[in-house]
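Step one of this worksheet: look at the structure below.
In the working numbering, the protein residues as written are 6 to 177.
So this is what it looks like as structure tokens:
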């Protein structure tokens, strides 16, 4: 007699991608997770992976009922394009900047839209221009957003789901 073990695989689908250098905070936990119908959070950021303080803050602020992981952009690409890519687990992907979103897209992650929430206040403020109350852009950020648009990705600014979306194009 043979015993065959069948492992049920959890597949991953992107519920939403958001740039938010504040990572997990009240807007995320009270508004965006339910709006996106997400049941998992993935922080896809080399900067956060390499910053022990920010990584520990994520662990402290993550909702207890939602699996949360902090991974490099390369690991995120592997998880979101690999054999487990699918639709049974809805992942809310958070990055800290457009360079990471661009790396996801160029790495083969399939998405056509993402939201910019809070960006630019965590460093680089001397090099950035404030374009909204929650978004500051550097020249490099503008170049990354332009490239994302060339790849067919819609970029909108929205702090909370109830806000009217503002297309990033007007600030490029």
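Here a beta-carbon is modelled for each residue, glycine too, at the ideal position from N, C-alpha and C.
Fair warning: this is a prediction, and the values are worked out from it, not measured in the lab.
In the DSSP assignment, residue 25 falls within the beta strand (DSSP E) that extends over 17-25.
A Cβ-Cβ separation of about 5 Å places residue 97 in contact with residue 46 under the 8 Å criterion. The bridge partners DSSP lists for residue 97 are 21, 46.
Exclusion of the five residues before and after residue 109 leaves 22, 49, 78, 81, 82, 85, 98, 100, 116 as the residues of its chain whose Cβ lies within less than 8 Å of its Cβ. Residue 112 and residue 138 have their alpha carbons spaced roughly 31 Å apart.
The region 155-166 makes contact with the region 116-125; the number of CB pairs closer than 8 Å reaches 3 or more.
The continuous beta strand (DSSP E) containing residue 76 extends over residues 72-76. Counting of Cβ neighbours within 10 angstroms places residue 107 among the buried residues, the total reaching 16 or more. Secondary structure of residue 117 (DSSP, three-state): coil.
Around the beta carbon of residue 144, fewer than 16 other beta carbons sit within 10 angstroms, so the residue counts as exposed. In the structure shown, the three-state DSSP call for residue 29 is coil. The DSSP-derived three-state label of residue 172 is strand. Of all alpha-carbon atoms in 102, 56, 69, 148, the one lying nearest the alpha-carbon of residue 174 is that of 148. DSSP places residue 143 in the coil class of the three-state scheme, outside both helix and strand. One thing to note: residue 53 has its Cβ within 8 Å of the Cβ of residue 63. Going by DSSP, residue 159 is part of the beta strand (DSSP E) stretching over 159-162. Among the bridge pairs identified by DSSP, residue 134 is matched with 142.
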